[in-house]
Every structure is written in C-alpha cells, then in structure tokens.
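Everything on this sheet refers to the single structure shown next.
Number of protein chains: 2
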Amino acid sequence: MRTLTRKGAATRQRILEGAAAHIREHGVAGMTLDDVLARTATSKSQLFHYFPDGREELLLAVARFEADRVLEDQRPQLGDLTSWPAWRSWRDKVVDRYRRQGRLCPLNSVTSQLGSRTPGAQAVVTELMHRWQAEIATGVRHMQEAGEIDPGLDPDRAAAALLAGIQGGVLIQMSTGETDHLEAALDMGIAHLRASRLAPS
Amino acid sequence: MRTLTRKGAATRQRILEGAAAHIREHGVAGMTLDDVLARTATSKSQLFHYFPDGREELLLAVARFEADRVLEDQRPQLGDLTSWPAWRSWRDKVVDRYRRQGRLCPLNSVTSQLGSRTPGAQAVVTELMHRWQAEIATGVRHMQEAGEIDPGLDPDRAAAALLAGIQGGVLIQMSTGETDHLEAALDMGIAHLRASRLAPS
DNA sequence: GCTAGTATGGACTAGCGAGTCCAGTCTGGG
DNA sequence: CCCAGACTGGACTCGCTAGTCCATACTAGC
C-alpha cells in the first residue's frame with residue numbers, strides 16, 4: 001500500500017463508503033466485514049490490502065469520513081454567522097441535517113464501539129468538537145463586534161454550551177426519533193445570545 | 001423462573017450488578033457472558049436460568065438498572081428546584097455525578113449496542129428522558145409561581161433544552177474527559193431562566 | 001423426611017466472523 | 001514487451017462466545 005494506482009484508490013474509496021453506508025443503516029454492531037465485501041463487490045484480500053489493520057482501521061477511517069461530513073453539511077451557514085437571520089438559517093440547516101439522518105448516528109456508533117481502547121476514535125471526535133465549537137465562537141465574536149451580543153459574554157463558553165445542546169438534542173433524537181429537544185436547545189441557546197445584550201447575565 | 005426463592009433472587013441480583021459493574025468499566029463491547037460469570041462466581045446455567053433470553057435480556061436489565069440510578073443520583077435536589085440556590089446545588093450534583101462516572105456511559109453504551117433492533121432499549125431511554133424532563137419542568141413552574149421566571153416561558157420546552165445540554169455535555173465528556181461543556185450548558189441554561197424575568201425572550 | 005420444584009455446575013456444540021495465505025491477474029514505467 | 005509491484009479471488013484457519021443440555025445439589029412446604 002506504499003503507492004496506490006488510480007484503480008486502487010477507487011477500490012479503497014468504494015470499501016470506505018460502502019462501510020460508512022452500511023453503518024448508517026445498521027450501526028456498527030450490525031456491520032461485519034463480509035457485509036461490506038458483499039455490498040462493495042470486493043474480496044477479503046482487498047479489504048486487508050487497503051486496511052492492513054482490518055476492522056479497526058476501517059472503522060477509524062469511517063469515523064474520519066463521517067466527522068468531515070458533519071461540518072461540511074453545515075456549510076456555508078456555519079462559517080457565516082454574521083447576522084441573526086444567518087444564525088436562524090444555520091439552526092434550520094442543523095435540524096434538517098439530523099432529521100434526515102434519522103435515528104442512527106454513525107459517529108456515536110463508531111466511537112462507542114471502538115470505545116476507550118484506541119485513542120484514535122476519541123481523537124477524531126474531540127477534534128471535531130473543537131473545530132465545531134471554534135466556528136460557533138467565531139460567529140459569537142462577529143455578533144459582539146456588531147454590538148448584537150453582550151461583549152462581556154465569553155464566546156468560547158457560549159459556543160460550548162450551544163454545542164452541548166446540539167449534541168444532546170441529537171442524542172435524544174436517537175431514542176425518541178423526534179427533533180424537539182434539538183430544536184429547543186438551539187432556540188434557547190440563540191435566544192440567550194440575543195437577550196444578552198439587553199440583560200447581561 | 002416462575003417463583004424465586006430468596007437465594008435465587010440474590011443470585012439474580014448478583015449477576016445483574018456484576019454485569020452493570022463490568023460494563024461501567026469496560027463498556028458493552030468489552031463484556032462477555034463469561035466475564036460476568038467469573039466476576040460473580042456463577043455458572044452459565046444460572047445466568048440462563050434467570051435471564052432466559054441470554055445476553056440481550058441481561059443487557060436490557062442492566063439498562064433499566066442504570067436508568068433508575070440516574071435520577072436517584074440527583075436526589076433530593078432534582079425534586080426540589082424551588083430556589084436559585086437549590087438549582088445551583090442540583091447543577092453541582094449533576095456535574096459531580098458525571099465527573100465521577102468518568103468517560104464511560106453505561107446507558108449510552110448499552111443502547112448503542114442493542115441499537116435499533118430491540119424496542120426495549122430505546123423505550124428505557126425515552127422514558128428516562130421524559131421523567132427527567134418532567135422533573136426539571138416542575139422546577140421551572142415552581143420558579144414561575146414564585147415570580148422568579150418569566151411566566152410566558154414554556155416550562156417543558158425550557159426543560160427540554162436544558163436536558164439536551166446535559167446530555168450533550170456528558171456525551172462530549174466521553175471523548176474529552178472534561179466536564180467543561182456540561183458545566184457551560186448547565187450554567188447557560190440556568191442563566192437564561194434567571195434572565196428571562198428581566199428580558200422575556 | 002419426601003418430593004416437587006428450584007438452584008447450580010460445567011462440559012459441549014455450533015456458528016460466526018476476523019484475519020491469513022497463496023495463487024493468479026493487471027498496470028505502468030522503462 | 002517485460003517485470004516489479006500493485007491488485008484481486010476466495011478458500012482456509014482458528015479463536016471466541018452465545019447458547020444448550022443433563023446430571024446433581026439444595027430448599028421449602030407438607
């Protein structure tokens with residue numbers, strides 16, 4: 001696997017995306033290597049050729065793949081939180097994204113499977129959270145500069161709280177199937193930011 | 001298993017608690033039936049005697065066991081959210097509980113393992129969330145009656161948002177090991193309630 | 001202290017699924 | 001056109017683990 005030909009890269013990608021798709025449908029526990037092979041019309045030797053450490057390496061690759069999608073799916077809104085309508089638009093996009101995704105969260109599934117053993121999975125999630133939080137915080141700072149949010153409010157902490165609300169909303173959705181909590185958390189978080197200018201907390 | 005003698009009930013309980021303990025330490029994926037047997041000094045036949053459906057039934061029982069603990073661990077504060085210091089005290093208790101628990105969340109672990117297959121696991125979590133949210137909402141109503149929270153605010157929705165923040169904070173803690181997000185979410189949620197009287201959102 | 005039902009021990013099975021291996025095919029640079 | 005190295009097919013091993021089975025030991029009510 002030192003060098004990949006075009007054909008090889010394509011096969012590797014096919015396996016990766018096939019695994020990701022299967023996990024989105026059946027969860028990690030419901031994914032066997034043979035499932036992926038059948039679905040992607042590949043063979044054992046190919047899988048182990050491109051992912052020498054087997055299942056674990058594949059799962060980690062899927063985690064990275066899914067983590068990248070998360071922020072991308074929020075663009076361009078996430079990077080442009082410069083007005084209240086923009087915040088609203090972002091909020092709607094987040095809700096919509098997770099409503100579409102349904103009850104299974106690939107990332108949560110993967111990380112809770114790989115668990116604490118491998119540092120890799122945790123690292124992927126941690127980095128995702130940091131980047132996500134940073135982008136929200138940037139939005140908060142924009143609004144502070146525009147005089148729309150109390151300048152005394154800590155942008156990182158506000159972003160942390162908002163992010164936690166999103167995560168929890170999605171988590172609850174996985175059990176209930178409803179996005180009520182996600183929406184409530186986002187709305188309350190944003191409402192708090194808007195209100196801060198009037199009544200600093 | 002129609003009737004249990006005292007001895008039988010004790011054995012069943014030992015198995016259940018042993019499984020719960022093992023899961024808290026190693027996660028569901030890291031739990032095999034033999035692990036539980038070794039740990040609880042019981043035999044296969046006993047396990048299947050008390051949990052005829054085997055692993056799945058045991059896991060479900062553990063889920064119920066853990067779900068019960070969650071709310072109990074927040075008492076008496078959770079049931080007495082009648083003043084701002086009481087809210088603060090509850091907030092501290094929640095943070096402390098999850099800080100102690102560390103990076104592994106048994107419930108999340110179990111449900112994401114049992115996954116969507118069995119309706120049981122989802123039901124356990126859903127019911128826990130409902131009860132939790134209801135208790136928070138009751139606290140909000142108390143404060144509204146005391147004139148400490150804007151009466152125009154929807155208590156259930158506020159409780160939903162706060163609950164989502166908690167869940168997300170805990171989820172993030174599972175990756176990062178830090179309770180920062182949990183604390184930020186709780187603090188922001190409560191701050192928003194307090195501020196609502198001054199500046200209704 | 002009899003006996004019906006409960007509790008327990010532990011060997012055994014069966015099947016799944018990850019990972020190995022080797023033999024054969026393709027590809028691209030020289 | 002040649003050959004080193006990338007790519008592919010698929011049979012095979014092997015460990016692990018859930019679940020079964022039967023023989024035995026206990027217990028409680030009568």
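Read top to bottom, the protein sequences are chains A and B.
Residues 1 to 201, numbered by UniProt numbering, are exactly what the first sequence covers, in order.
Residues 1 to 201, numbered by UniProt numbering, are exactly what the second sequence covers, in order.
Just so you know, even glycine gets a beta-carbon here, dropped at the ideal spot from N, CA and C.
Quick caveat, the model's predicted, so the values are computed rather than measured.
Proximity test, Cβ basis, 8 angstroms: residue i and chain B
i	result
A137(A)	no
L4(A)	no
S175(A)	yes
R64(A)	no
R14(A)	no
L60(A)	no
G169(A)	yes
Segment limits, alpha helix (DSSP H) that includes residue i
i	result
G189(B)	180-196
M174(A)	155-176
D68(B)	54-72
P76(B)	No alpha helix (DSSP H) contains P76(B), which DSSP labels as neither H nor E.
V36(B)	33-40
G8(B)	6-26
F51(A)	Looking at the DSSP string, F51(A) is not in any alpha helix (DSSP H), and its letter there is neither H nor E.
Chain A within 8 angstroms of residue i, Cβ atoms only
i	result
G165(B)	yes
V94(B)	no
R88(B)	no
V125(B)	yes
Q46(B)	no
Q113(B)	yes
M188(B)	yes
G27(B)	yes
Residue i burial status per 10 Å Cβ neighbour count (16 or more: buried)
i	result
S43(A)	exposed
G139(B)	buried
S45(A)	exposed
A61(A)	buried
L182(A)	buried
R127(A)	The question names Arg, but residue 127(A) is Glu in the sequence shown. With fewer than 16 Cβ atoms within 10 Å of its Cβ, E127(A) is classed as exposed.
V170(A)	buried
H130(B)	exposed
A41(A)	exposed
E66(B)	buried
M1(A)	Reliability of the predicted coordinates at M1(A) is poor, the pLDDT of 43 falling under 50, and the value obtained from them is presented with this limitation in mind. Its Cβ having fewer than 16 others within 10 Å, M1(A) is exposed.
T5(B)	exposed
A195(A)	buried
P106(B)	buried
T3(A)	exposed
R75(A)	exposed
Rounded Cβ spacing between residue i and residue j (contact assumed at less than 8 angstroms)
i	j	result
G115(A)	G30(B)	7 angstroms
W90(A)	Q77(A)	4 angstroms
Check: residue i C-beta below 7 angstroms from any heavy atom of the ligand FMN
i	result
A185(A)	With respect to the ligand FMN, the structure shown offers nothing to examine, as it has no ligands at all.
(request) Enumerate, from N- to C-terminal direction, the unbroken alpha helix (DSSP H) stretches of 4 or more residues contained entirely within the stretch 85-157 of chain A. (result) Contiguous alpha helix (DSSP H) elements confined to the stretch 85-157 of chain A occur at 106-114, 119-145, taking only those with 4 or more residues.
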